[in-house]
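Residue numbers (the working numbering), protein chains in the order written: chain Y, 1370 to 2402; chain S, 2 to 440.
We put the beta carbon where it would ideally sit given N, CA and C, even for glycine.
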Amino acid sequence: MNKGIKRRDFFKLAAAGGAAAAVAGCEPNPVETIIPMLVPPDDYVPGVTIQFATTCNECSAQCGMVIRTREARAIKAEGNLKNPLNEGRLCAIGQGSMQGLYSPARAKGPMTQQGGSQSALSWSEGVKLLREKLQSAGGSVVYVGQKRSGTLEKLKREFIQSVGGKVFAYDPNPGQSIIAGNRLVFGKAEIPHYAIEDAKVLVSFGSDFMETWLSPVAFTRGYTKMHAFKGGEKGKYIHVSSHMSLTGTNADQWIDTNPGTEAQVALAVAGLLLGGASMGSGDKDRLRDYLAAYSVDRVSAQTGVPVEKIQALAKAFKQNGASLAIAGGTTACGSDATALQVAVSLLNLVAGNVGKTVQFGANYDVAGDSVAEILKAIQAGPKVLILENANLAYSLPKSSGIVEAIKKAGFVVSLSTEHDETSALAALHLPVSHYLESWGDATPRQGLYSLQQPVMAKVPGYDTQGLGDLLLTLQGNKGEFRTYLMKAWEGVKSKTGSTGSFEGFWKQALQAGGVFTAFKAQGAGLSSQATSVKPKEKKITGLTLLPAASSLHNASGSTGNRAWFLEVAHPVTQLVWDSWVEIHPDTAAKLGLKQSDEVEVTTEHGTQTVGVWIWYGVNRNAISMPLGRGRSVAFPTYVVTKDKSILLPHVEMQSSIQIKGMQVGEKVTDLMAYANDQSGDLAYNETSVQLKATGKRAWMVSPEGQALDDIEGLADAVPGGDRSQKDRGFVRMTSVKAIRGEEEEGASLAHPHKEHHLRERQYITDLPSNTDFYEERVKDVAKSVDWSGRDKPVYYEKYKWEMGIDLDRCTGCSACVVACNAENNIPSVGKERMWSGREMNWIRIERYIEHNHETGEQETYYTPEMCQQCGNAGCEPVCPVYATYHNDEGINAMIYNRCVGTRYCLNNCIYKQRRFNWRTFEFPAPLHLQLNPGVTVRTRGVMEKCNFCIARIREAKDLAKDAGNEVFDGAFETACQQTCPAEAIVFGNMKDPNSAVYKLKTSTQRGYKQLEEMNFKPAITYLKKVTHDNRKA
Amino acid sequence: MSNITYASINDDILKSLEPPGKAWLASFLVIITALGMGIFAFAYQIRHGLEGSGINNPIGWGVYITNFVFWVGIAHAGTLISAVLYLVRAPFRTSIYRASEAMTVFSVMTAGLFPLIHIGRVWNFYWLIPYPNQRLLWVNFKSPLLWDVFAVNTYMSVSIAFFLLGLIPDFASVRDDSKGLKRLIYALPSLGFRGTNHQWLHYMRAYLLFAAICTPLVFSVHSIVSWDFAMGSIPGWHTTIFPPYFVAGAIFSGCAMVLTIMIPMRFIFRGFDEIIKIKDLEGMAKMIIFTGIVVSYAYASEFFIAYYSGAKYEKALFWYRPFGELKLFFWGMIFCNVISPIPLWSKKIRTNIPALFVISILVNIGMWLERFNIVVTSLAHDFDPYAWANYKFQWVEIYITIGSFGWFLMWFFLFVKIMPSLAVAELKEALNPPLRSAK
């Protein structure tokens, strides 16, 4: 896709700016009408998507975002192409912002709470009350807010400091330790730019940089640039950790360490590399003394990593500045998180990476303040405690005493947009508007100024105020926050050296989503304090609890009440609507546990009952449980009838979805012992656990349909059971050497052409001339059309939509699945229906675990699967009513209205990519406002499936028609393609020889079709995964 | 034998038309309750969607299609007995063909409901029929489902016509025995049949003609039903053996069903046991032995081909059937269809009424399981291991299945009270003509 703003987009955004002003100026509480925007702006065209550039606030990374709106309602989040941070891509959680905006758990308006009773009050009353309390507090005020950067953060600090209080930004992910580590080693207290894209070898010490670590989309993009196969080369990624999350499963090698000992591996490697390091001899001597304690043998004994592996790691890491080590993530961060960062910084220094792949001067503003400080400030019992979108009561361990501390505070005010565990403790709840309804900005790193504008009027029925406006009002009616922001941006204008009028600058910034400049990369030298911190000695006693975040559930738990994130299968385990405990097969065997057994996980702080998931990717001395589950706020139940009799009817005449309290999974932080690092970061991996089988089987639900016999019966032969693709070639591999022609392909890995080699012939049923089935049919049709005198239908005349999916790029993060949910009005069905096989997702990430016969190790592979839009489809001929048919652009189109629901097409689909509406699924208010008006909402009894975002194709064709030309390549993207942070998906018109998909398919050596022997002629070409030496983590 | 006369046949058979007794009424109440359960469940399903059935994402067809194939299969024996055995002049046919033909009609009527019950939007069922409409919508003749629509409809109309044709002389004899309104009612379907030589001549020609028309239907209908599967692409379905395999299976189950119905009738209506002779039942048992062998051979050959072809999908499926999560259905099928008919080789058991009855029930169950195996296990375990699934029964489909038996039995119970349930005229044909002096 061609980067930079296009003429059409310019007009769209120009219109958007105007519309935004018009929308933002609306009444605070517009009456909901059937047609919103009854008196629209002049340039508004119904049915056309208007896009607004803004900034994502879902996590501290603050990526650039573009919101698609239709009829003045936000319907979908996409990445902002102009923002160099995420380059137009978005993660799953960013996609899920729509379910935050339209969350049924949102607070309806200001209210006071006392005991269990709640009473509403008006904004003026609320503000008056808060102002009085602040005045009488005499400076004993603590404000804990969501981590932000930019003007809003400044305003907040100014205001609270003006009343003499303390302000904190909260993010439960460990970030302060990185700053502390760099301060100690280099004397630079900042989060530098980790240039993964420039590295040849990347070593991650536990950091889940594709999921939640600092800025996952930016890192995934960097990783893809470095790791995706290109021009005969690809980088290498080694994951050193006690737990393999999604990020770890993507590694070329996983080095399993005992929990909490990653730092020692880094120091051992640094010690090995020290001799060849180019640095002053004084520094070298100092380091030699420091590293002497971490000899390979000693570290090997401590960490459980074999000596040869450490030596090989050191050898691989020696790249003259083209390697990079990063560390972090919840599972690796304990009470010596700073020491881990120190170790990794030293390693980077020794390998000569500082100034090359570790670039200072970027100063990423993405870390929350010290959790220890926040806790101390609250425990001090301030007279007024303001909590704004910081869900402390959920995300901090119960053992930290946070709930009691909050209760102890004089007057607790919540400014949270949603009801949450923390706002439930507040005496006064003044809900601020969602960030997509309000103004703001962000500077996630030096030189990036990202604007945040309201993309629509406030969601009808929710009486909220923008945080900026509220803060200004509290200071005494200082006007609108928008004016304040514009004034602040005058400073941005001069800083970025823009010329021309401010009006023009502002408009341009709004259209582009901000102003983006580069930062000046700097190196750094060894500081005098570099060797002052040492990682703790670890004694392995029993099992350690590793709470792990993922691309679908983060430590803050913000996705824990969003149906998309519960329903989309967790990529590694493929489990839905649940918590689980990941146990190494050996540990499980020792404890006598089997897959899906129910166990009690006990620590000194509590007990939780969850199901066992046998997983080779966790250390033998540890178990892992997911973070971000077990929220206890009211949200749609999506729950029905498990365990009721199947013989007696349970008649549900009413809607089965209610908004009520429902807990999904377990809140793992309740089990954690509170501890913190010296930097103040929350220590995650410091709790030891005991496991006890309850003797029952757990109800674990997964869309993964591997036969239970295979998973359980084979558990002894194959640890974790057989979850392989049974040599069916869905994911195929090749190696760098094989592409170069240096070895035979796939000597050891699952490859369908190896087995049944001799009999392969029987499965190829190609047409003799190798033409497409429909090309033949066209001739027949043409003959009869000639005879009847009607217009001739022509297949594939101008367009033939096809897709390429590069499995070497796909990380399995599932952002595409969430994006598809948002774009195509796909309902969530709940755990019980998932269990009954009633899932509705049009795209899914299939995860296969293969046994590498050569290394004897297990390897994890992901492949996104959706309708393959076959040229010779199984579904089309069997539909008795032509409800599914081949359209002239190569799409297996679905006419929902014509479908009678025989489900024959589903049966005959060899990819099993069709979804049937087993009932009329519901979208409880206000989630229904998110529905895309361009896509039909299906009712019970009809079949549906991926249609390559045909609504977007239509839109692009309509716009092209208006402009009098053809749809050009990149004029639109499918939802999955648009969001993919790894750019694994390429989509376009095969009839256009300049299109990216044409070029990809005609030039690649790695292309293959899944189940090609069935001759369905799928339109999706997969590109083989490329491994180093036929092995992978 | 000797004491059966024209008169006794008339009396014995027409006695079944007497007003119902308490036992009949009580049974009928049970039947109506079963039917009510089915109707309730179906109404629920229309209102709430198909999630009350165990069908799920990869397994798009389940109990409903199993029932459909099961009932179509049952229907086959009736036509086979009445048409094919008529053409080949098999003597044991006479006493049982009427009831089996009724069974055919009613089971096709039952089977015909299931395609409607299983579709997602039953209120649009007529879209499956090619009818001229202003929207210029047409049906897809490439779809085996559409062939089904035609096959089943043709079968239903022809078998109803054949059934009513066979009843003409018997309706006439009921008419002759009755008075008043009843006489008038029976006069209508008798079409003025008086039993003249001339009428008999034409009647027999017409009957032969219909028998000839019905005969190919016996083979075509179930072949077409089997194409629903054989034309599919998935392992376990995509096989050329299906048409003969299905036809043999249909006759197998149909003959068993004839026994399941005839043995109680023989017990309930006194006098029938003299007409429906053990020899006739034995004939049915021999049919079961024969078709049972054909079916067993088909099972074996499916496994052999899966092994011999080396096709991994096929192999995996045929491994899954006996050893996978749904293995009980497979072994149940093997027991009922392959093992349980083996005792019939012994004449002693073949002529033992209780044993025959038990085996006939087992074969019926087995044939239901066979269809379940074909429909469900194939879908549960096809190409993509990620998409594999298991089948869990739900109450709606169970209720509807119970309801389908209620529906079938309701018609059968009405039939025995309204129509002569054994062929009066043809049974008389088999006797020596009475001497004038006898009566």
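Three or more beta-carbon pairs separated by less than 8 Å link the segment 1571-1590 of chain Y to the segment 2341-2360 of chain Y, which places the two stretches in contact. When DSSP assignments are scanned along the segment 1687-1735 of chain Y, the uninterrupted stretches of beta strand (DSSP E) that are 3 or more residues long and fall wholly within it turn out to be 1692-1696.
Under DSSP, residue 2155 of chain Y shares a beta bridge with no residue. Per the coordinates, the alpha-carbon of residue 195 of chain S lies some 11 Å from the alpha-carbon of residue 204 of chain S. Contact between residue 2250 of chain Y and residue 140 of chain S holds: CB atoms are separated by about 6 Å, below the 8 Å threshold. The C-beta separation of residue 39 of chain S from residue 408 of chain S comes to about 7 Å, placing the pair in contact by the 8 Å criterion. Between residue 53 of chain S and residue 44 of chain S, the CB-CB gap reaches or exceeds 8 Å.
The way I'd put it, the segment 1519-1538 of chain Y doesn't touch the segment 1887-1903 of chain Y; fewer than three beta-carbon pairs between them come closer than 8 Å. At a cut-off of 8 Å, the C-beta of residue 120 of chain S has a neighbouring C-beta in chain Y.
As the crow flies, the alpha-carbon of residue 202 of chain S is around 41 Å from that of residue 26 of chain S. Setting aside the 5 residues that flank it on each side, residue 2245 of chain Y is surrounded in the same chain by 2253, 2254, 2255, 2261, each with a C-beta closer than 7 Å to its C-beta; the list follows chain order.
Proximity of chain Y to residue 140 of chain S at the Cβ level (cut-off 9 Å) is accounted for by 2249, 2250, 2251, in chain order. Looking at the backbone, the Cα of residue 2005 of chain Y and that of residue 1843 of chain Y are separated by about 34 Å. Comparing C-alpha distances from residue 1691 of chain Y to each of Y:1662, Y:1702, Y:1727 shows the shortest one belongs to Y:1727.
Residue 2361 of chain Y and residue 2325 of chain Y have their C-alpha atoms some 15 Å from each other.
If you look at residue 2172 of chain Y, you'll find it in the beta strand (DSSP E) that goes 2170-2175. When the beta-carbon positions are compared, residue 1509 of chain Y and residue 1751 of chain Y come within less than 8 Å of each other. In the pairwise beta carbon analysis, the segment 82-102 of chain S is classified as touching the segment 419-434 of chain S: at least three pairs are separated by under 8 Å.
Taking C-beta separations shorter than 6 Å and ignoring five residues to either side along the sequence, the partners of residue 1763 of chain Y in its chain run 1790, 1926, following chain order.
Residue 2035 of chain Y has its alpha-carbon roughly 34 Å from the corresponding atom of residue 1457 of chain Y. Apart from sequence neighbours up to five positions away, the residues of its chain that approach residue 1464 of chain Y with a beta-carbon distance below 7 Å are 1446, 2184, 2187, 2188, 2191, 2348, ordered along the chain.
Nearest to residue 1620 of chain Y by C-alpha distance, out of Y:2258, Y:2181, Y:2285, Y:2334, is Y:2181. Rounded to whole angstroms, the gap between the alpha carbons of residue 1923 of chain Y and residue 1541 of chain Y is 9 Å. If you look at residue 1446 of chain Y, you'll find it in the beta strand (DSSP E) that goes 1442-1448. Burial is judged here by how many other beta carbons sit within 10 angstroms of a residue's own beta carbon; residue 1721 of chain Y has at least 16 and is buried. For the C-beta of residue 2096 of chain Y, the chain S residues within less than 8 Å are, from N- to C-terminus, 313. At least one CB atom of chain Y sits nearer than 8 Å to the CB of residue 235 of chain S. The beta carbon of residue 1783 of chain Y sits closer than 6 Å to those of 1756, 1792, 1795, 1798, all from its chain and outside the five residues before and after it, given in chain order. Here DSSP, grouped into helix, strand and coil, assigns residue 1875 of chain Y to helix.
Using a CB distance cut-off of 8 Å, residue 2269 of chain Y counts as an interface residue toward chain S. Within 7 Å of the CB of residue 274 of chain S, no CB atom of chain Y is found; the nearest one sits about 38 Å away. When 8 Å is used as the limit between beta carbons, residue 126 of chain S is near these residues of chain Y: 2269, in chain order. For the pair residue 1916 of chain Y and residue 333 of chain S, the Cα-to-Cα distance works out to about 47 Å. Between residue 2273 of chain Y and residue 428 of chain S, the C-beta spacing is not below 8 Å. DSSP, read as helix, strand or coil, puts residue 145 of chain S in helix. For the pair of segments examined, the segment 368-378 of chain S was found not to touch the segment 13-22 of chain S: the number of CB pairs separated by less than 8 Å stays below three.
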